[in-house]
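J.:
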Amino acid sequence: DAGVIQSPRHEVTEMGQEVTLRCKPISGHDYLFWYRQTMMRGLELLIYFNNNVPIDDSGMPEDRFSAKMPNASFSTLKIQPSEPRDSAVYFCASRRTGRYEQYFGPGTRLTVT
Amino acid sequence: AQSVTQLDSHVSVSEGTPVLLRCNYSSSYSPSLFWYVQHPNKGLQLLLKYTSAATLVKGINGFEAEFKKSETSFHLTKPSAHMSDAAEYFCVVSESGTGNQFYFGTGTSLTVIP
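The listed protein sequences correspond, in order, to chains B and F.
For what it's worth, the numbering used here labels the leading residue of the first sequence as 62, then goes sequentially.
For what it's worth, the numbering used here labels the leading residue of the second sequence as 69, then goes sequentially.
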């Protein structure tokens with residue numbers, strides 16, 4: 062089975078530009094998570110969905126960040142406008158109801174100059 | 069409240085010698101515990117998990133961990149290190165019954181010396 066798929070793997074953009082990160086969870090998984098990893102703060106949960114519905118977005122840094130899950134196989138994390146402090150690796154993860162382990166994608170390394 | 073403390077930020081072992089990565093947790097409830105490994109520029113891969121079954125958990129690539137409630141520990145071990153084990157290791161605690169809020173340790177970087 063394919064794992065969690067994320068695109069792009071690397072993104073370099075200029076401050077002020079809009080950035081969209083994409084994620085395809087493992088088929089059959091009904092929970093989807095977005096994380097951010099930085100050297101200073103480690104891994105942080107940004108938001109998670111259950112059955113395509115956002116359940117907890119308390120980790121979203123500010124209004125510049127938004128996430129959607131239009132269907133069970135696709136989610137986006139958008140940053141608009143982007144700032145240099147948004148530079149990080151963004152991970153998507155998914156899991157199935159009844160199982161506690163989460164499966165992570167390869168991540169998107171975002172650099173905002 | 070849940071939290072995880074990884075007691076060593078860096079561990080260095082020689083190839084073929086045992087590995088011990090230490091993790092202590094704090095949990096108000098019966099926890100689920102996990103170890104993940106992250107190789108450079110890669111995502112996190114699940115090594116093993118404890119979810120209230122057997123206290124000695126076997127994972128992939130020869131790794132094991134033992135859940136010790138009295139010591140609130142979940143240390144990761146491997147009898148013989150391989151060069152490919154060099155990576156960052158994360159201990160994670162989650163409140164049992166939800167699986168949604170993961171609390172990550174700060175990570176332990178494992179170096180394997182040839």
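Where a beta carbon is used, it is the ideal one built from N, C-alpha and C, also for glycine.
Is I128(F) helix, strand or coil by DSSP?
T.: Helix.
J.: Keeping to the same chain, check which residues put their C-beta closer than 8 Å to that of A133(B); ignore five residues upstream and five downstream.
T.: Closer than 8 Å at Cβ, skipping near neighbours: P86, D91, N112 and N113.
J.: Residues of chain B with CB closer than 7 Å to the CB of G183(F), please, in chain order.
T.: This structure leaves residue 183(F) out entirely; chain F is present only between 69 and 182.
J.: With distances taken from CA atoms, which of F102(F), P108(F) and A121(F) is nearest L114(F)?
T.: Among F102(F), P108(F) and A121(F), the Cα nearest to that of L114(F) is on F102(F).
J.: Considering only the alpha carbon of each residue, which of S82(F), S100(F) and K146(F) lies closest to I128(F)?
T.: Closest by alpha carbon: K146(F).
J.: Using 8 Å as the limit for Cβ to Cβ distance, is K137(F) near chain B?
T.: Chain B contact via Cβ: absent.
J.: In chain order, what residues of the same chain lie with their CB nearer than 6 Å to the CB of S94(F), ignoring the 5 residues before and after it?
T.: Excluding residues within five positions, the ones whose Cβ falls inside 6 Å are S71.
J.: Any idea if L124(F) is buried or exposed, counting beta-carbon neighbours within 10 angstroms, 16 or more meaning buried?
T.: It counts as exposed.
J.: May I have the straight-line CA-CA distance separating S100(F) from Y171(F), to the nearest angstrom?
T.: Cα to Cα, the separation comes out at about 11 Å.
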